[in-house]
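Protein chains: 2
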Amino acid sequence: MEAVQTYIENNKERFLEELIGILKIPSISADPAHAGDVKKAATAMAEALRKAGIEQTQIFDTDGHPIVFGEKMINAAWPTVLVYGHYDVQPPDPLDQWESPPFEPVIKKSETHPDGAIYARGACDDKGQVFMHIKAMEAMLSYDALRCNVKFLLEGEEEVGSEHLAGFCKEHKDLLTCDVILISDTAIISNETPSITSGLRGLSYVEVTVTGANRDLHSGVYGGAVANPINVLSQMIGSLHDEKHRITIPGFYDKVQELSQQERVDMNKAPHDEEAYKRDLGIDAVMGEAGYTTLERTTVRPTLDVNGMWGGYTGDGAKTVLPSKAHAKISMRLVPDQDPDEIVAIFTDHLKAIAPDGVKVDVRPHHHGRPAVTPVDSVEYKAAAMAMEQTFGKKPIPARGGGSIPIVSLFEEVLGVKSVLMGFGLDSDDIHSPNEHYGIFNFYQGIRTIPYFYQFYGELKNGQYRQD
Amino acid sequence: MEAVQTYIENNKERFLEELIGILKIPSISADPAHAGDVKKAATAMAEALRKAGIEQTQIFDTDGHPIVFGEKMINAAWPTVLVYGHYDVQPPDPLDQWESPPFEPVIKKSETHPDGAIYARGACDDKGQVFMHIKAMEAMLSYDALRCNVKFLLEGEEEVGSEHLAGFCKEHKDLLTCDVILISDTAIISNETPSITSGLRGLSYVEVTVTGANRDLHSGVYGGAVANPINVLSQMIGSLHDEKHRITIPGFYDKVQELSQQERVDMNKAPHDEEAYKRDLGIDAVMGEAGYTTLERTTVRPTLDVNGMWGGYTGDGAKTVLPSKAHAKISMRLVPDQDPDEIVAIFTDHLKAIAPDGVKVDVRPHHHGRPAVTPVDSVEYKAAAMAMEQTFGKKPIPARGGGSIPIVSLFEEVLGVKSVLMGFGLDSDDIHSPNEHYGIFNFYQGIRTIPYFYQFYGELKNGQYRQD
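Sequences listed follow chains W and D, in order.
Residues in the first sequence are numbered consecutively from 0, following numbering that gives the first Met the number 0.
Residues in the second sequence are numbered consecutively from 0, following numbering that gives the first Met the number 0.
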């Protein structure tokens with residue numbers, strides 16, 4: 000292990016340079032115009048895996064973006080770890096809010112990263128975190144120090160709902176056989192307070208279209224007599240929360256697991272400075288479901304947010320149009336045991352029920368995923384916790400995450416395997432926002448920590464835990 | 000007059016061809032990229048005026064788009080008519096809903112125009128209607144048949160609020176001295192039921208921006224704890240109408256003139272087929288203020304419509320963003336005696352009052368105009384009515400219009416002169432919508448009617464009304 004850590008220390012500048020190369024590829028999976036770039040990123044990842052020593056790496060085409068799969072089976076008696084990650088990125092809009100171009104990586108110091116951070120779309124989510132695993136593998140394999148078998152499954156559609164991953168997993172169940180899935184696509188509480196994500200919210204994402212008249216109309220000639228789809232959609236969206244910021248869709252909370260008083264007390268022990276939180280966001284008040292703290296609202300409570308809305312004239316100046324259509328992209332974050340399909344169904348029923356005469360409402364489901372929880376007494380959680388304790392010098396805190404990685408529940412359903420979410424980002428890394436970045440410290444700390452995970456996981460699985 | 004009408008009949012095909020040339024110029028005043036085209040349209044209009052015999056025509060530059068002014072002062076003892084119109088057009092968006100390109104005029108038959116209509120942006124609003132006046136002038140001046148003095152004032156900013164017209168009128172009050180203003184920028188009830196617009200709604204147009212956090216956020220990490228500006232703006236907009244579709248802004252209806260029972264009975268005698276109206280719009284129900292008919296809702300009652308709304312991710316696919324900002328363009332149609340400035344003030348106050356903690360609200364006024372009414376017993380109204388009776392063979396109905404021509408109240412304030420709104424469009428001409436068109440019949444009928452207006456107006460003004 001010492002040799003492995005020394006190798007990492009001696010090669011870390013090169014690791015960073017290689018990551019920069021990968022971050023330059025604008026692999027925006029949501030934008031059909033970038034399909035070629037997504038493919039290019041897949042090729043770059045496969046190449047990096049081969050160079051790290053995972054010679055058995057291939058690219059599988061799907062009806063969407065490709066899937067990169069690599070494996071190194073060393074000893075059939077050893078446990079097998081499957082590393083999952085994604086090489087696609089979120090769209091970089093709004094572009095004018097980036098301080099440097101999203102696909103021209105720049106290293107700069109920031110408040111949370113005094114040692115510097117790399118600014119680029121995908122730096123943290125998830126190219127930077129995937130690349131930690133590839134580089135850790137290179138270090139371990141250079142010294143024949145890997146005591147597990149390893150598989151890599153890297154997809155290009157995570158940011159658009161992993162549409163083709165479920166089919167791939169079902170079709171290639173044997174290829175993907177493993178004991179645990181290791182994912183770095185989450186955050187730690189801070190660089191001083193390591194944590195492991197012990198649960199994730201699920202997601203239901205839908206697109207709503209309200210149609211009034213069959214064409215755009217003059218608001219002077221028709222205004223006042225014909226339903227305006229934007230007014231109607233606004234009213235409908237406005238009615239989806241009550242005064243206590245609870246979601247009003249009948250049945251929405253029926254399957255929500257309420258935490259015990261003790262669980263709530265425990266989770267609120269995690270460091271959280273509400274004033275600093277507000278200052279960072281530039282807001283004078285938080286807003287959320289009455290009776291819950293910010294930490295609870297963002298992790299163990301479900302939400303409903305409009306992610307995008309548009310209709311009518313949105314250009315410069317004024318146009319007195321009464322539009323034919325209004326659109327909204329709406330996502331709901333779900334918690335155990337809410338079911339995404341059921342939620343989409345009751346959402347759709349409710350919207351159609353509250354739609355007034357004079358408009359038509361269409362609800363089109365986008366992607367979705369189930370909420371997931373990793374038990375803290377599992378072997379994989381313990382191995383991850385021990386690995387982090389080695390590098391951070393303190394035990395990580397189990398923390399529920401607010402985001403969604405729908406594939407966690409997919410892997411559980413299809414492969415029957417639990418995932419461990421050992422991520423190294425920070426919530427302030429602006430993933431999905433302009434100026435996404437990833438701490439240089441975090442990138443290196445991840446590479447340093449991963450080899451310990453394999454060591455402890457191998458030992459714990461074999462029932463033989465030795466101190467190195 | 001017979002010679003004038005014969006001239007029109009013999010030259011009508013050329014008139015149409017010349018109009019087509021002018022409709023090809025994309026003079027979109029709202030779009031800075033088309034500033035050159037707006038100028039080009041001004042030049043074309045000035046050239047057309049000169050060719051029609053208004054040699055004294057010049058183009059005045061403003062800080063915005065130019066103003067075309069022409070005059071023919073024949074006899075100081077005769078009354079002076081000022082023709083107002085605009086050569087700028089609405090933006091053509093959404094382009095994909097046009098059956099033929101907006102600036103490539105096409106002549107096609109339609110349900111309401113069995114003799115054919117010319118399809119192009121600006122065909123009816125207002126290039127086609129302005130051009131009727133120019134061609135009628137050409138016919139009258141060819142036979143020395145004009146018994147009034149005439150001035151033309153054509154602006155290029157009507158669709159963006161006539162920002163520089165008020166200043167121009169104040170500065171050139173003497174140049175604009177006249178007895179009446181004649182405007183063709185409105186509609187008749189149908190080709191079988193001529194009408195004259197006896198009143199117009201006013202307008203207050205504002206742009207609202209709601210800002211939450213200082214940057215776009217990940218809806219998983221922050222969702223549920225931070226105000227979402229789209230949700231908030233939707234809720235605010237939704238609250239601006241109550242269940243009876245009345246506007247909830249305190250004081251909004253304070254100055255609204257309620258019509259007498261008799262006035263309401265009279266105005267509802269105008270032909271209106273609610274089933275045909277719904278069928279034409281493709282809607283199963285109308286929607287509007289409880290207790291009023293569709294005709295009332297679109298003319299004598301004030302409204303509040305969102306003309307455009309946008310925020311967050313509006314591209315293809317799904318992006319789980321919690322946006323920093325949401326925007327809406329909102330217009331209110333006003334009726335006598337609502338004051339646009341007062342309405343903007345109470346709107347702004349109300350929006351700020353209902354904004355929750357955690358967001359900032361900014362309201363930016365765009366353009367506005369006062370409501371206006373033309374008395375049906377005035378000389379100019381009578382002259383227009385008599386002219387229409389000549390060509391349509393029946394008396395026109397006085398009809399209140401739902402749209403806004405803010406310059407009508409401007410002319411009254413600055414020049415102390417009333418306007419007569421003798422338009423020839425149809426409400427179904429899709430002005431401000433894709434596939435705007437103008438009936439060939441209506442274009443020719445306008446050219447035929449206008450010379451009668453000058454004849455009757457001259458005679459009535461001189462107290463000597465002779466039958467021709």
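Cβ coordinates follow ideal geometry from the N, Cα and C atoms, glycine included.
Neighbours of serine 189 (chain W) in chain D, taken as residues at a C-beta separation under 9 Å, are lacking, since the least C-beta distance is about 14 Å. Among the residues facing chain W, serine 161 (chain D) is not included, as its CB has no counterpart in that chain under 8 Å away. With contacts defined as CB atoms closer than 8 Å, valine 375 (chain D) and proline 395 (chain D) fail to qualify as a contacting pair. Taking the beta carbon of isoleucine 229 (chain W) as reference, the chain D residues within 7 Å of it are Val305, Met308, listed in sequence order. In the assembly as shown, glutamate 273 (chain W) is an exposed residue. Its beta-carbon has fewer than 16 other beta-carbons within 10 Å. In terms of beta-carbon proximity, glutamate 46 (chain W) stays away from the interface with chain D, with every pair separated by 8 Å or more. With respect to chain W, the C-beta atom of serine 238 (chain D) has a partner C-beta closer than 8 Å. Between the alpha carbons of serine 427 (chain D) and leucine 425 (chain W) lies a gap of roughly 57 Å. Taking C-beta atoms as the reference points, valine 320 (chain W) and glycine 314 (chain W) fail to come closer than 8 Å. The three-state secondary structure of proline 364 (chain D), taken from DSSP, is strand. In terms of Cα proximity to phenylalanine 59 (chain W), the closest of W:Glu288, W:Met44, W:Gly52, W:Met235 is W:Met44. Against chain W, the CB of asparagine 441 (chain D) has no partner CB under 8 Å away; the residue lies outside that interface. Residue burial is scored here from C-beta neighbours: proline 101 (chain D) has at least 16 other C-beta atoms within 10 angstroms and is therefore classed as buried. Listed along chain D, the residues sitting closer than 8 Å to lysine 328 (chain W) by beta-carbon distance are Gly311, Tyr312, Thr313, Ala317, Lys318.
If you draw a straight line from the Cα of glutamine 454 (chain W) to the Cα of methionine 385 (chain W), it comes to about 10 Å. Under a 10 Å Cβ-count criterion, aspartate 173 (chain D) is classified as exposed, with fewer than 16 other Cβ atoms of the shown protein chains found around its own Cβ.
According to the DSSP assignment, glutamine 444 (chain D) belongs to the alpha helix (DSSP H) that extends over 439-460. Threonine 302 (chain D) has its alpha-carbon roughly 37 Å from the corresponding atom of valine 149 (chain D). With fewer than 16 other CB atoms across the displayed protein chains lying within 10 angstroms of its CB, serine 99 (chain D) is exposed. Between isoleucine 106 (chain D) and isoleucine 439 (chain D), the C-beta gap is smaller than 8 Å, which places the two residues in contact.
Rounded to the nearest angstrom, the gap between the Cα atoms of asparagine 227 (chain W) and isoleucine 246 (chain D) is 14 Å. Counting the other CB atoms within 10 Å of its CB gives proline 270 (chain W) a total below 16, which places it among the exposed residues. Around the beta carbon of methionine 72 (chain D), a 10 Å sphere encloses fewer than 16 other beta carbons of the protein chains shown; the residue is thus reported as exposed. Looking at the DSSP output, leucine 81 (chain W) shares a beta bridge with W:Lys150, W:Ile180. According to the DSSP assignment, arginine 399 (chain W) belongs to no alpha helix (DSSP H) but to the beta strand (DSSP E) extending over 396-399. Residue pairing by DSSP places glycine 311 (chain D) opposite W:Gly307 in a beta bridge.
Taking a contact to require three or more Cβ pairs closer than 8 Å, the segment 417-424 of chain W and the segment 215-225 of chain W do not qualify as touching. By the Cβ rule, the segment 17-31 of chain W counts as touching the segment 82-100 of chain W, because three or more pairs are nearer than 8 Å. Taking the C-beta atoms as reference points, lysine 351 (chain D) is found nearer than 8 Å to valine 360 (chain D). Approximately 22 Å separates the beta-carbon atoms of arginine 332 (chain D) and arginine 120 (chain D); this is outside 8 Å, ruling out the contact.
Taken atom to atom, the span from the alpha-carbon of valine 264 (chain D) to that of glycine 368 (chain D) is near 28 Å. For the C-beta of leucine 216 (chain W), the chain D residues within less than 9 Å are, from N- to C-terminus, Leu280, Asp429, His431, Ser432. Taking a C-beta distance under 8 Å as the contact criterion, histidine 436 (chain D) and cysteine 123 (chain D) qualify as a contact pair. Comparing alpha-carbon positions, the option among W:Gly462, W:Phe151, W:Asp304 lying closest to glycine 402 (chain W) turns out to be W:Asp304. Of all residues in the segment 198-225 of chain W, only Arg200, Tyr204, Gly211, Ala212, Asn213, Arg214, Asp215, Leu216, His217, Ser218, Gly219, Val220, Tyr221, Gly222, Gly223, Ala224, Val225 place a beta-carbon less than 7 Å from a beta-carbon of chain D. Collapsing the DSSP output to three states places lysine 107 (chain W) in a strand.
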